[in-house]
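Visitor:
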Ligand SMILES: CC(C)(COP(=O)(O)OP(=O)(O)OC[C@H]1O[C@@H](n2cnc3c(N)ncnc32)[C@H](O)[C@@H]1OP(=O)(O)O)[C@@H](O)C(=O)NCCC(=O)NCCS
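Numbering (our numbering), first residue to last: 8 to 403.
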């Protein structure tokens with residue numbers, strides 16, 4: 008038991024809990040590094056498949072390796088029929104993140120090597136999970152809308168397959184490339200809440216399905232991945248530029264939160280938002296309706312001014328601020344924005360589970376087990392009589 012606990016109720020901010028070679032977020036400079044590369048330099052230049060390989064194998068693939076990796080993703084894309092059947096039995100209004108979380112854990116039932124915890128086997132399971140996460144999200148959207156699931160197409164890549172499996176239509180090159188870039192930008196982000204959840208579960212030596220489904224649960228929260236859906240709902244609620252001032256004032260004066268602004272680490276605009284914003288603009292132009300992009304831009308400007316005025320601080324856009332309008336223009340249902348985040352982040356979670364279980368902090372990975380300070384009741388005697396603590400203790 009440690010006698011001096013330096014941090015309480017701080018959400019571990021500023022506290023380094025492990026070493027990692029996977030990624031780094033430099034909040035002051037606005038840099039996101041994947042295995043030594045800035046994410047902004049990879050975005051649009053390498054595919055999500057290449058970024059996934061990079062995260063898992065610590066380097067970008069050569070041509071033949073990429074071919075094999077892509078083929079492996081394609082082989083793994085289909086869901087077991089029993090899993091699809093069980094999805095069909097769920098209530099149609101089940102929350103997509105709940106469906107994703109439980110379907111991922113159900114995949115463990117159909118893994119013939121579930122008890123094989125070797126590095127090789129966990130990588131295989133991880134690749135399968137990266138591939139199948141997209142299929143689960145797309146398949147659920149079909150099922151809940153009373154449509155038959157669309158089989159993946161082995162001839163097209165991961166980004167195009169996701170759009171094809173939920174919409175039934177093959178996307179063109181521009182749409183594929185924008186979605187692929189968005190996946191690339193969301194693939195990894197160091198020790199954020201969901202990654203820490205996945206690593207914490209992995210540190211118990213639980214299997215990878217348990218670890219990454221914990222990641223999905225954590226990502227579903229409003230202050231984490233759930234923010235992108237809420238950004239779009241906020242834009243729809245504001246509706247037009249002339250309502251922005253009132254919205255900002257009402258929200259800030261009532262102690263509310265403006266979604267898509269602020270970040271636990273970045274002290275400048277999120278580098279990912281800077282790439283997503285122009286893509287949102289182009290997609291808006293493509294659909295002939297730049298309203299949501301324009302509204303986001305104006306909201307960003309006015310919110311930054313209002314934070315300075317009312318709170319005396321600078322506020323910055325985070326990744327969710329422009330991904331919301333981008334996904335909306337792509338025709339992705341608003342409540343699938345966060346599951347789409349998970350489709351991408353699965354690559355990062357898998358890399359972290361591997362690192363936690365096989366190459367974690369020296370000398371060897373350890374079970375996370377923080378302390379807490381008890382501030383509840385205590386009768387103050389060597390032997391407590393229940394009645395002295397309170398009647399509810401006895402009866403509840
Ligand atoms: C992400 C978030 C939880 C980080 O919060 P944080 O670590 O407290 O951020 P900061 O320390 O920079 O906040 C400084 C102040 O600005 C406030 N603030 C930060 N972001 C805000 C937002 N989006 N809306 C209103 N106020 C905000 C904080 O509450 C804090 O106010 P206080 O000093 O009166 O307590 C917060 O910015 C937030 O809730 N953002 C909206 C949700 C979102 O977009 N999440 C996705 C993150 S990728």
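Using N, Cα and C, we set each Cβ at its ideal position, and we do this for glycine too.
Predicted model only: the values in this text are computed from it and were never measured.
Does the beta carbon of residue 15 fall short of 7 angstroms from some heavy atom of ligand 1?
Guide: Against the chain shown, residue 15 aligns to sequence position 8. Not under cutoff, so the answer is no.
Visitor: Would you report the Cα separation of residue 391 and residue 379, rounded to the nearest angstrom?
Guide: What you label residue 391 is simply residue 384 of the chain shown in a count that begins at 1. What you label residue 379 is simply residue 372 of the chain shown in a count that begins at 1. Each residue's Cα considered, the two are about 22 angstroms apart.
Visitor: Tell me the DSSP secondary structure of residue 381 in three-state form.
Guide: Along the chain shown, read from residue 1 onward, the residue named residue 381 stands at position 374. In the structure shown, residue 381 sits in coil (DSSP, three-state: anything other than H, G, I, E or B).
Visitor: Please return the same chain residues whose Cβ sits closer than 8 angstroms to the Cβ of residue 8, not counting the five positions on each side in sequence.
Guide: Along the chain shown, one-based indexing puts residue 8 at 1. Note that residue 8 scores 39 on pLDDT, short of 50, meaning its location in the model is unreliable and no value can be drawn from it.
Visitor: Say yes only if the C-beta of residue 267 is nearer than 7 angstroms to one or more non-hydrogen atoms of ligand 1, and no if none qualify.
Guide: Walking along the chain shown from the start, residue 267 turns up at place 260. Yes, the Cβ of residue 267 comes within 7 angstroms of a heavy atom of ligand 1.
Visitor: Cβ of residue 333 versus every heavy atom of ligand 1: is any distance shorter than 7 angstroms?
Guide: Numbered from its first residue, the chain shown carries residue 333 at position 326. No, ligand 1 has no heavy atom inside 7 angstroms of this Cβ.
Visitor: Tell me the DSSP secondary structure of residue 328 in three-state form.
Guide: On the chain shown, position 321 is the one that residue 328 refers to. The answer is helix: DSSP assigns residue 328 an H, G or I state.
Visitor: Can you tell me whether residue 45 is helix, strand or coil according to DSSP?
Guide: By one-based count along the chain shown, residue 45 stands at place 38. In this structure, residue 45 counts as strand in the three-state DSSP scheme.
Visitor: Residues in its own chain within less than 6 angstroms of residue 327 by CB, not counting five upstream and five downstream?
Guide: Numbered from 1 along the chain shown, position 320 holds the residue referred to as residue 327. Counting only Cβ-Cβ distances below 6 angstroms, and skipping sequence neighbours, we find 234, 235, 238 and 267.
Visitor: Within the same chain, show all residues whose beta-carbon is closer than 7 angstroms to that of residue 97, passing over the 5 residues directly before and after it, in chain order.
Guide: As a first step, residue 97 must be located in the chain shown, where it is residue number 90. Contacts found: 106.
Visitor: For residue 40, which residues does DSSP report across the bridge?
Guide: Stepping through the chain shown from its first residue, residue 40 is reached at position 33. According to DSSP, which records beta bridges pairwise, residue 40 is partnered with 31 and 45.
Visitor: Between which two residues does the alpha helix (DSSP H) harbouring residue 273 extend?
Guide: Within the chain shown, the letter at position 266 stands for residue 273. Careful: residue 273 lies outside any alpha helix (DSSP H) and carries neither H nor E.
Visitor: Can you round the beta-carbon distance between residue 279 and residue 39 to whole angstroms, since I take them to be within the 8 angstroms contact cut?
Guide: Working through the chain shown from its first residue, we reach residue 279 at position 272. Working through the chain shown from its first residue, we reach residue 39 at position 32. Indeed they touch by this definition, with Cβ atoms about 7 angstroms apart.
Visitor: Alpha carbon to alpha carbon, how far is residue 203 from residue 15? Give it in angstroms, no decimals.
Guide: Counting from one through the chain shown, the residue named residue 15 turns up at place 8. Counting from one through the chain shown, the residue named residue 203 turns up at place 196. Going from the Cα of residue 15 to the Cα of residue 203 covers about 18 angstroms.
Visitor: Rounded to the nearest angstrom, what separates residue 196 and residue 386 at their Cα positions?
Guide: Residue numbering aside, residue 196 sits at position 189 when the chain shown is read from its first letter. Residue numbering aside, residue 386 sits at position 379 when the chain shown is read from its first letter. When rounded, the distance between both Cα atoms is 45 angstroms.
Visitor: Any heavy atom of ligand 1 closer than 7 angstroms to the CB of residue 192?
Guide: For the purposes of this step, residue 192 is taken as the residue at position 185 of the chain shown. The answer is no for residue 192.
Visitor: Short of 8 angstroms in beta carbon distance, which residues of its chain neighbour residue 128, apart from the five on each side in sequence? Order them along the chain.
Guide: Position 121 of the chain shown, counted from the first residue, corresponds to residue 128. Here the set comprises 120.
Visitor: Give me, in chain order, the residues of the same chain whose beta-carbon lies closer than 8 angstroms to that of residue 402; leave out the 5 immediate sequence neighbours on both sides.
Guide: Residue numbering aside, residue 402 sits at position 395 when the chain shown is read from its first letter. Note on residue 402: pLDDT 46, under 50, position unreliable in the model; the coordinate value appears next. Cβ neighbours of residue 402 beyond the five flanking positions: none.
Visitor: Note down the Cα distance separating residue 212 from residue 23, rounded to an integer number of angstroms.
Guide: The sequence position of residue 212 within the chain shown is 205, counting from 1. The sequence position of residue 23 within the chain shown is 16, counting from 1. Looking at the two C-alpha atoms, the distance is approximately 21 angstroms.
Visitor: So is residue 132 buried or exposed if we call it buried at 16+ other beta carbons inside 10 Å?
Guide: Locating residue 132 in the chain shown gives position 125, counting from the first residue. Result: buried.
Visitor: At a cut-off of 7 angstroms, is residue 320 close to ligand 1 when judged by its beta-carbon and the heavy atoms of the ligand?
Guide: One-based indexing of the chain shown puts residue 320 at position 313. Within the cutoff, so yes.
Visitor: For residue 331, which option in 240, 152 and 44 has the closest C-alpha, if you only look at C-alpha atoms?
Guide: One-based indexing of the chain shown puts residue 331 at position 324. Answer by Cα proximity: 240.
Visitor: Given this structure, state the Cα-to-Cα distance separating residue 222 from residue 341, to the nearest angstrom.
Guide: Position 215 of the chain shown, counting from 1, holds the residue named residue 222. Position 334 of the chain shown, counting from 1, holds the residue named residue 341. Their Cα atoms are separated by approximately 20 angstroms.
Visitor: Between the Cα of residue 151 and those of 50, 101 and 26, spot the shortest distance and give me the residue it belongs to.
Guide: Locating residue 151 in the chain shown gives position 144, where the first residue counts as 1. Measuring from the Cα of residue 151, the nearest candidate turns out to be 101.
Visitor: Would you say the beta carbon of residue 242 is closer than 7 angstroms to some non-hydrogen atom of ligand 1?
Guide: Residue numbering aside, residue 242 sits at position 235 when the chain shown is read from its first letter. Checking every heavy atom of ligand 1 against the Cβ of residue 242, none is found closer than 7 angstroms.
Visitor: Assuming residue 227 and residue 345 make a contact with CB atoms under 8 angstroms, what is their CB distance in whole Å?
Guide: Locating residue 227 in the chain shown gives position 220, where the first residue counts as 1. Locating residue 345 in the chain shown gives position 338, where the first residue counts as 1. Between residue 345 and residue 227 the Cβ distance is about 6 angstroms, and since that is below 8 angstroms, they are a contact.
Visitor: In the structure shown, what three-state DSSP assignment does residue 149 receive?
Guide: For the purposes of this step, residue 149 is taken as the residue at position 142 of the chain shown. Residue 149: helix per DSSP, three-state reduction.
Visitor: Would you kindly check if the distance between the Cβ of residue 348 and the Cβ of residue 277 is under 8 angstroms?
Guide: As a position in the chain shown, residue 277 is number 270, starting the count at 1. As a position in the chain shown, residue 348 is number 341, starting the count at 1. No, they are not a contact pair.
Visitor: Could you check how far apart the C-beta atoms of residue 58 and residue 191 are, in whole angstroms? I think they sit under 8 angstroms.
Guide: Position 51 of the chain shown, counted from the first residue, corresponds to residue 58. Position 184 of the chain shown, counted from the first residue, corresponds to residue 191. About 5 angstroms separates the two Cβ atoms, so the contact holds.
Visitor: Could you give the distance in angstroms between the alpha-carbon of residue 262 and the alpha-carbon of residue 362?
Guide: Sequence index remark: in the chain shown, residue 262 carries index 255 (1-based). Sequence index remark: in the chain shown, residue 362 carries index 355 (1-based). So the alpha carbons of these two residues sit roughly 40 angstroms apart.
Visitor: Quick check on this structure: which residue in 209, 147, 17 and 217 has the alpha carbon closest to the alpha carbon of residue 86?
Guide: Within the chain shown, residue 86 is the residue found at index 79, counting from 1. Nearest C-alpha to residue 86: 147.
Visitor: Let me check you understand the geometry: is the CB of residue 259 closer than 7 angstroms to at least one non-hydrogen atom of ligand 1?
Guide: For the purposes of this step, residue 259 is identified with residue 252 of the chain shown, where counting begins at 1. Yes.
Visitor: Go ahead and label residue 257 buried or exposed: buried means 16 or more other beta carbons lie within 10 angstroms of its beta carbon, across all protein chains shown.
Guide: As a first step, residue 257 is located in the chain shown; it is residue number 250 there, counting from the start. Classification for residue 257: exposed.
Visitor: Considering Cα atoms alone, identify which of 218, 201, 272 and 297 is closest to residue 248.
Guide: Translated into the one-based positions of the chain shown, residue 248 becomes position 241. Minimum Cα distance to residue 248 is reached at 297.
Visitor: Would you check if the distance between the CB atom of residue 306 and the CB atom of residue 219 is smaller than 8 angstroms?
Guide: The residue given as residue 306 occupies position 299 in the chain shown. The residue given as residue 219 occupies position 212 in the chain shown. Going by C-beta atoms, residue 306 is not nearer than 8 angstroms to residue 219.
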